[in-house]
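In the working numbering, the protein residues as written are 1 to 131.
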């Protein structure tokens, strides 16, 4: 077990996976499109973790239904929306497996960090170029 892994490390790994994901590394994207795709991906990761945490005792179809119900609200960047959402969802699921010692009880801390990343990217002083 990786005792050094925690909620902040999981959130950072989700962000790193998203930034280096297939949508965001497209050289044809403008900086604004890249920021937008990262924001959608981060929101998708947060939704995925929130649904997993909220419906942990339920069947996977209940978790999937929760994700689908909340997905439409973040698909805001046209043709890039669905691919960006998929990158975020995949990052959340993969990092949840890698950081399996981060229990469901700690998911709200991870989600709060993901939301703070969204707020930082949405501000006029984007931190993305520094990553």
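Each residue gets a CB set at the ideal place from its N, CA and C atoms; glycine is no exception.
I need the boundaries of the alpha helix (DSSP H) containing residue i, first residue and last residue.
i           : result
residue 53  : 31-54
residue 86  : 81-98
residue 77  : Note, residue 77: premise wrong, no alpha helix (DSSP H); not H, not E.
residue 112 : 107-122
residue 58  : It is not in any alpha helix (DSSP H) - residue 58 carries neither H nor E in the DSSP assignment.
Given that a residue counts as buried once 16 or more other Cβ atoms are within 10 Å of its Cβ, and exposed if not, what is residue i?
i          : result
residue 78 : exposed
residue 62 : exposed
Take residue i as the anchor and find which of the options has the nearest alpha-carbon.
i           : options        : result
residue 118 : 104, 71, 40    : 40
residue 108 : 23, 13, 52, 59 : 52
residue 87  : 16, 23, 28     : 23
residue 46  : 33, 70, 34, 65 : 70
residue 110 : 21, 28, 50     : 50
By Cβ distance below 6 Å, which residues in the same chain neighbour residue i in space, the five residues on each side in sequence not counted?
i          : result
residue 54 : none
residue 95 : 10, 13, 14
residue 44 : 85, 88, 89
Is any heavy atom of the ligand NAD found at a distance shorter than 7 Å from the C-beta of residue i?
i          : result
residue 39 : Ligands in the displayed structure: none, and consequently the ligand NAD is not present.
Leaving out five residues on either side along the sequence, give the residues of the same chain with a beta carbon under 7 Å from the beta carbon of residue i.
i         : result
residue 6 : 102
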